[in-house]
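Working notes, structure below.
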Amino acid sequence: MGRSSCYEKARTNKGTWTKEEDHRLVTHIRLHGEGGWRSLPKAAGLLRCGKSCRLRWINYLRPDLKRGSFTEEEDELIIKLHSVVGNKWSLIAGRLPGRTDNEIKNYWNTHIKRKLLSKGIDPQSHRPLGQPYNSNNIAVSRSLPDHEIPALQNPRTPEIADFFRHDRSESSPIEPAALDAEEHAELNLNLCMSLPSTSAPAANSPSSADRTAVSNSTSGRGLLTPEMVEWR
DNA sequence: AACTCGTCCAACCGCGATTAG
DNA sequence: GCTAATCGCGGTTGGACGAGT
Numbered sequence: 123m124g125r126s127s128c129y130e131k132a133r134t135n136k137g138t139w140t141k142e143e144d145h146r147l148v149t150h151i152r153l154h155g156e157g158g159w160r161s162l163p164k165a166a167g168l169l170r171c172g173k174s175c176r177l178r179w180i181n182y183l184r185p186d187l188k189r190g191s192f193t194e195e196e197d198e199l200i201i202k203l204h205s206v207v208g209n210k211w212s213l214i215a216g217r218l219p220g221r222t223d224n225e226i227k228n229y230w231n232t233h234i235k236r237k238l239l240s241k242g243i244d245p246q247s248h249r250p251l252g253q254p255y256n257s258n259n260i261a262v263s264r265s266l267p268d269h270e271i272p273a274l275q276n277p278r279t280p281e282i283a284d285f286f287r288h289d290r291s292e293s294s295p296i297e298p299a300a301l302d303a304e305e306h307a308e309l310n311l312n313l314c315m316s317l318p319s320t321s322a323p324a325a326n327s328p329s330s331a332d333r334t335a336v337s338n339s340t341s342g343r344g345l346l347t348p349e350m351v352e353w354r
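Reading the first sequence from the start, the letters are residues 123 to 354 in the numbering used here.
Below, the structure is given as structure tokens:
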């Protein structure tokens with residue numbers, strides 16, 4: 123379609139946000155709630171594109187963000203979730219309250235990858251380095267292409283569906299102990315069994331609307347009420 | 001003190017999915 | 001059903017900063 127990037131528009135600021143811009147954005151969201159990103163910059167008096175505003179809010183200004191360094195428990199949880207869903211950062215973030223997909227993605231690329239490599243583990247396959255990929259091995263972890271994500275909701279795998287269905291607001295961090303090696307292997311087994319063998323969508327795969335529901339519920343980024351938003 | 005290099009992370013970008021008209 | 005607008009995601013970039021020389 124040849125759409126031009128919103129960042130290319132003239133008279134929009136780029137780069138690091140100033141305190142003034144942050145304040146304007148937070149104040150606007152506090153008054154009007156989250157959403158309507160396209161019209162937000164104008165309404166808030168910001169010379170930014172909506173996309174930039176959304177990113178700034180989600181990754182930095184949201185009041186429920188945890189920030190600070192990751193705990194060992196979070197590390198392990200990220201590794202385990204990554205071994206199941208691959209680079210689906212928003213899904214992983216949905217299981218780590220207070221953490222953003224961008225934060226987790228950065229943390230993965232700068233810390234966890236190196237940590238795994240130093241242990242002789244391939245960060246992509248989660249298998250020992252040099253070990254050939256074997257699609258029949260139930261312990262083989264994989265990165266799921268987008269079209270396979272709906273399988274997370276496949277009725278044949280209720281525990282996985284449930285695992286990813288929880289809204290962030292009502293979820294608590296999964297205790298790493300709750301996902302021991304056996305359960306983890308089972309999770310992989312169930313996933314492998316439920317995934318279509320080809321890239322064609324499975325007959326019983328959920329509709330796109332269902333997929334949206336999964337995405338929305340797992341990202342847990344619903345509208346915040348003004349009371350929830352506090353200027354920091 | 002000045003320079004180089006490596007690391008970290010906020011922000012940019014492109015694109016697919018979804019929604020609205 | 002089609003098209004354009006909008007949203008959200010994942011990959012990538014680049015600037016700030018600290019460590020080393």
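Positions of the beta carbon are idealized from the N, C-alpha and C atoms, including for glycine. All values derive from a computational prediction rather than experimental measurement.
Measure the beta-carbon distance from W211 to K237 and round it to whole angstroms, keeping in mind my assumption that it falls under 8 Å. 17 Å between Cβ atoms; not a contact.
At 4 residues or longer, what runs of the alpha helix (DSSP H) sit wholly inside the segment 138-224? 141-154, 162-166, 172-178, 194-207, 211-215
Go ahead and label L169 buried or exposed: buried means 16 or more other beta carbons lie within 10 angstroms of its beta carbon, across all protein chains shown. exposed
Kindly identify the DSSP beta-bridge partner or partners of I243. P250
Neighbour-count burial assignment, P185, 16 or more Cβ in a 10 Å radius: exposed
Supposed contact pair G220 and K188 - C-beta distance, whole angstroms, cut 8 Å: 3 Å
Using 8 Å as the threshold, is the C-beta distance between S205 and H233 below it? no
Which term fits P163, buried or exposed, when burial requires 16 or more other beta carbons within 10 angstroms of its beta carbon? buried
Consult DSSP for N135 and reduce its assignment to one of helix, strand or coil. coil
Between the C-alpha atoms of L147 and T222, what's the straight-line distance to the nearest angstrom? 18 Å
According to the Cβ coordinates, are C171 and Y229 closer than 8 Å? no
So, for G242: in the same chain, excluding its five sequence neighbours on each side, which residues have a beta-carbon less than 8 Å away from its beta-carbon? P250, L251
Would the beta-carbon of H150 fall within 8 Å of that of A165? yes
Which residues in the same chain as K235 place their Cβ atom closer than 7 Å to its Cβ, once the five residues preceding and following it in sequence are excluded? P245
Once you ignore the five residues that flank D197 on each side, which residues in its own chain have a CB closer than 7 Å to its CB? I234
Going by beta carbon distance, what residues of the same chain come within less than 8 Å of I200, once the five residues before and after it are set aside? F192, I214, L218, I226, Y229, W230, I234
What residue from N224, V207, C175 has the CA that sits closest to W139's CA? C175
Have a look at G216, E142, R160 and flag the residue whose alpha-carbon is nearest the alpha-carbon of L183. E142
By a C-beta neighbour count over all protein chains shown, 10 Å radius and 16 as the cutoff for buried, is E194 buried or exposed? exposed
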